[in-house]
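In our numbering, the protein residues as written are 744 to 1374.
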């Protein structure tokens, strides 16, 4: 073995010379080990092994280690020796020539600790005292967290705030850089799925490896989904952008860069062999006519809101500073409407400095430059959506204010619409090319409204007018095509062989016009949606909004995935839209919206926190029956 500290030295083209030190702790307890004939192991030292593995195979380190252990077992059994675990699981202290994979092994009794210290000559600072640095960073984190989210000032206790710290830390800790090839079947490029039984038609598959690409992204779950998901990422970035604006913008730009020349971006980024090893074979291939909800526009809108807020705040500070200068320079007392004579400007300036600590919020020109960089790709993606997810109106005997704005998800199969993000949520059965999907109509409306607002900021007035007209047409057709006056709800649409029909499964898809703010705050249809949300026999539960109505024949059937359980992303959209669109602005349903908002928010926080205390985890969904987290 090797004496501690074990020191590796080397160099890389990017980072220059470096050293890596493995430092043992004097308090570690070494396992007792019996001596074996012809073999001596000193567990006070680090055991080591070096091996030459094929290029691109480093990620299989665990497999190589398992093979080492298997070889030890075979040798022990062949020698008829029954060694103790330290013998059986130790590595052989050998290095192959030109090794590119090195494994070092400490064998200790729990509890234990050790440090791995990386030093690069490219870094101006070197970490020496981990303990004091960690303590300092932890305090800084707590201060920054409170300045950013203000949970203590909102009345949350220490345990709840600690829970929030942990959730944010895990989300930030799940950010990774991924690189590698994808599997894409472009033989489906021109598949419109216009034939009946389209999901069952046999086609000659032709999956191909793409050129390598890279992605900087957060991940839904490090152990279970350690890769980028388009639909999830927009929600991740809503929180990350509040914490670190520029970090979030970098991630969004990475995703936008993956939009190809046709306007398509794969909804699941499975880059390289390591990523594919975590995905069942049947889900590895991506298809360039499959869409996904364009959620990345949500954090972009949030960024623009932050930008406007900071600009207004800076303007207010400048005005206040000027007024104080006038006041203090005047030969006689002065007062200003709305400004206290005892106003302490320093608190405003400090608050501004804390909240505007990022480059893109401090510099409006830099922000506009960023928007210009991503704008054309976003437009391309929008046009791809309109072209590939187009639905039919006149062909199936329907009428609407506009003949173009109708949409359906491609990639439907009996029982699933994976592309929608709502997987097994009930849809028309069997699938039919006449279908129109209300959630997709709303996503496209949300998409063009966001692009319209960006176009306005960039003075792209031709685009602005085009997008504005398309948005109005989508909203009109949403009512013409998807509102069922009998059931007082928004529904999917299909064809029964003779005529166009509503297919109404009350649940999350019924809420989308409200979730994405496509309903005005004085609409009677908003009133009907609020009633649906607050009805305990429909969507209301003590733990959040059910994904499917309790009255549905499909409630908690089949996979029980989007058929009843409470999902945080949709509940968040509900709270966000209620707060921003229907409480902040006066309207006939303002009081009802506020009541639902307050109770729903309280129910969700209580249950998610309760389940975290019980299990130690946040979950992707919660039972509408007992609130337990699952999956």
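The C-beta atom is built at its ideal place from N, Cα and C for all residues, glycine as well.
Looking only at its chain, what residues have a beta carbon closer than 6 Å to the beta carbon of residue 802, apart from the 5 residues adjacent to it on each side? One-based indexing of the chain shown puts residue 802 at position 59. Hits under 6 Å: 1017.
Counting along the chain, where does the alpha helix (DSSP H) carrying residue 1238 start and finish? Counted from its first residue, the chain shown places residue 1238 at position 495. Unbroken run through residue 1238 is the beta strand (DSSP E), 1235-1238; no alpha helix (DSSP H).
Pair within 8 Å by beta-carbon distance, residue 1248 and residue 1295: Locating residue 1248 in the chain shown gives position 505, where the first residue counts as 1. Locating residue 1295 in the chain shown gives position 552, where the first residue counts as 1. Yes.
Does DSSP classify residue 1334 as helix, strand or coil? For the purposes of this step, residue 1334 is taken as the residue at position 591 of the chain shown. Three-state result, residue 1334: helix.
Classify residue 1177: buried if its beta carbon has 16 or more other beta carbons within 10 angstroms, exposed otherwise. Here residue 1177 refers to the residue found at position 434 when the chain shown is read from its first residue. The residue is buried, with at least 16 neighbouring Cβ atoms inside 10 Å.
Below 8 Å between beta carbons: does that hold for residue 910 and residue 960? Walking along the chain shown from the start, residue 910 turns up at place 167. Walking along the chain shown from the start, residue 960 turns up at place 217. No, the pair does not count as a contact, with Cβ atoms beyond the cut-off.
Do residue 1031 and residue 1005 have their C-beta atoms closer together than 8 Å? Counting from one through the chain shown, the residue named residue 1031 turns up at place 288. Counting from one through the chain shown, the residue named residue 1005 turns up at place 262. Yes, the Cβ-Cβ distance between residue 1031 and residue 1005 is below 8 Å.
With a threshold of 16 other CB atoms inside 10 Å of the CB of residue 1154, please say whether the residue is buried or exposed. Taking the first residue of the chain shown as position 1, residue 1154 is located at position 411. Residue 1154 comes out buried.
Could you give the residue range of the beta strand (DSSP E) that holds residue 862? Translated into the one-based positions of the chain shown, residue 862 becomes position 119. First-last of the beta strand (DSSP E) with residue 862: 857-863.
Option nearest residue 771 by Cα separation, candidates 858, 828 and 830: As a first step, residue 771 is located in the chain shown; it is residue number 28 there, counting from the start. Selected option, being the one with the closest Cα: 858.
Ignoring anything shorter than 3 residues or poking outside the region 993-1064, list the beta strand (DSSP E) runs there in chain order. none
Strand pairing of residue 877, partner residues [DSSP]: The count along the chain shown starts at 1 and reaches residue 877 at position 134. Residue 877 pairs with nothing; no bridge assigned.
Quick check on the DSSP output: the alpha helix (DSSP H) that includes residue 1427 runs from which residue to which? Nothing about residue 1427 can be read from this structure; the chain reaches only from 744 to 1374.
Counting only the same chain and skipping the five closest in sequence on each side, list residues whose C-beta sits under 6 Å from that of residue 921. Counting from one through the chain shown, the residue named residue 921 turns up at place 178. Within the same chain, residue 921 has close Cβ partners 958 and 1014.
Taking the alpha-carbon of residue 1039 as reference, which of 1344, 934, 1120 and 1252 has the nearest alpha-carbon? On the chain shown, position 296 is the one that residue 1039 refers to. Cα-wise, what sits closest to residue 1039 is 1120.
Give me the Cα-Cα distance between residue 1225 and residue 905, rounded to the nearest whole angstrom. Counting from one through the chain shown, the residue named residue 1225 turns up at place 482. Counting from one through the chain shown, the residue named residue 905 turns up at place 162. Whole-angstrom Cα-Cα distance: 44 Å.
Sequence-distant residues of the same chain with beta carbon closer than 7 Å to residue 1042, five excluded per side: The count along the chain shown starts at 1 and reaches residue 1042 at position 299. So the list reads 977, 980, 981, 984, 991 and 995, once near-sequence residues are dropped.
Ordered along the chain, which non-local residues of its own chain (more than five positions away) have a Cβ less than 8 Å from that of residue 929? If you number the chain shown from 1, residue 929 lands on position 186. Hits under 8 Å: 949, 951 and 1031.
Give the range of the alpha helix (DSSP H) segment to which residue 1111 is assigned. Residue mapping note: residue 1111 aligns to position 368 of the chain shown, counting from 1. Its alpha helix (DSSP H) spans residues 1107-1131.
C-alpha gap between residue 1307 and residue 986, whole angstroms: Walking along the chain shown from the start, residue 1307 turns up at place 564. Walking along the chain shown from the start, residue 986 turns up at place 243. Each residue's Cα considered, the two are about 32 Å apart.
Beta-carbon proximity of residue 888 to residue 908, cut-off 8 Å: Locating residue 888 in the chain shown gives position 145, counting from the first residue. Locating residue 908 in the chain shown gives position 165, counting from the first residue. Yes.
Cutoff 6 Å; reference residue 1151; Cβ partners in own chain excluding five residues on either side: Translated into the one-based positions of the chain shown, residue 1151 becomes position 408. Only 1134, 1178, 1179 and 1180 meet the Cβ criterion.
Rounded to whole angstroms, what's the CA-CA distance from residue 1310 to residue 767? Just pull it up for me. Taking the first residue of the chain shown as position 1, residue 1310 is located at position 567. Taking the first residue of the chain shown as position 1, residue 767 is located at position 24. Cα-Cα distance, rounded: 45 Å.
Rounding to the nearest angstrom, what Cα-Cα distance links residue 1137 and residue 1055 in this structure? Start at 1 with the first residue of the chain shown, and residue 1137 comes out as number 394. Start at 1 with the first residue of the chain shown, and residue 1055 comes out as number 312. Their Cα atoms are separated by approximately 48 Å.
Looking at C-alpha atoms only, which residue of 1021, 944 and 998 is the closest neighbour of residue 969? What you label residue 969 is simply residue 226 of the chain shown in a count that begins at 1. Closest option to residue 969, Cα to Cα, is 1021.
Under the assumption that residue 847 contacts residue 749 (Cβ atoms under 8 Å), give the Cβ distance between them as a whole number of angstroms. Counting from 1 along the chain shown, the entry for residue 847 is found at position 104. Counting from 1 along the chain shown, the entry for residue 749 is found at position 6. Correct: roughly 6 Å between the Cβ atoms.
Unbroken stretches of the alpha helix (DSSP H), 4 residues or longer, contained in the region 1299-1352: 1311-1320
Please check the pair residue 1287 and residue 1314, which I expect to be a contact at CB under 8 Å, by giving their CB distance rounded to whole angstroms. Within the chain shown, residue 1287 is the residue found at index 544, counting from 1. Within the chain shown, residue 1314 is the residue found at index 571, counting from 1. At roughly 5 Å, the Cβ-Cβ gap stays under 8 Å, so residue 1287 and residue 1314 are in contact.
Residue nearest to residue 826 in terms of C-alpha spacing, selected from 1282, 1270, 1209 and 775: On the chain shown, position 83 is the one that residue 826 refers to. When only C-alpha atoms are compared, the closest one is 775.
Of the choices 1265, 1317, 1338 and 1301, whose alpha-carbon is the least far from that of residue 1329? Residue 1329 sits at position 586 when you count from the first residue of the chain shown. Looking at the Cα atoms, 1265 is the closest of the given residues.
Please state if the CB of residue 1217 and the CB of residue 1148 are separated by a distance shorter than 8 Å. Here residue 1148 is taken as the residue at index 405 of the chain shown, counted from 1. Here residue 1217 is taken as the residue at index 474 of the chain shown, counted from 1. In this structure, residue 1217 lies closer than 8 Å to residue 1148 by Cβ.
State yes or no: is the beta carbon of residue 1128 nearer than 8 Å to at least one beta carbon in chain B? Annotation note: the requested chain B is absent from the structure, which comprises a single protein chain.
Distance between residue 1209 and residue 1269 (C-alpha atoms, nearest Å): Locating residue 1269 in the chain shown gives position 526, where the first residue counts as 1. Locating residue 1209 in the chain shown gives position 466, where the first residue counts as 1. Their backbone Cα atoms lie some 27 Å apart in a straight line.
Excluding the 5 residues flanking residue 840 on each side, which residues of the same chain have their C-beta closer than 8 Å to its C-beta? Start at 1 with the first residue of the chain shown, and residue 840 comes out as number 97. Counting only Cβ-Cβ distances below 8 Å, and skipping sequence neighbours, we find 795.
Look up residue 717 in the DSSP assignment and give the residues it is bridged to. A question about residue 717 goes unanswered here, because the residues of the chain that appear run from 744 up to 1374.
Given this structure, state the Cα-to-Cα distance separating residue 754 from residue 799, to the nearest angstrom. In the chain shown, residue 754 corresponds to position 11, counting from 1. In the chain shown, residue 799 corresponds to position 56, counting from 1. Residue 754 and residue 799: Cα-Cα distance of roughly 19 Å.
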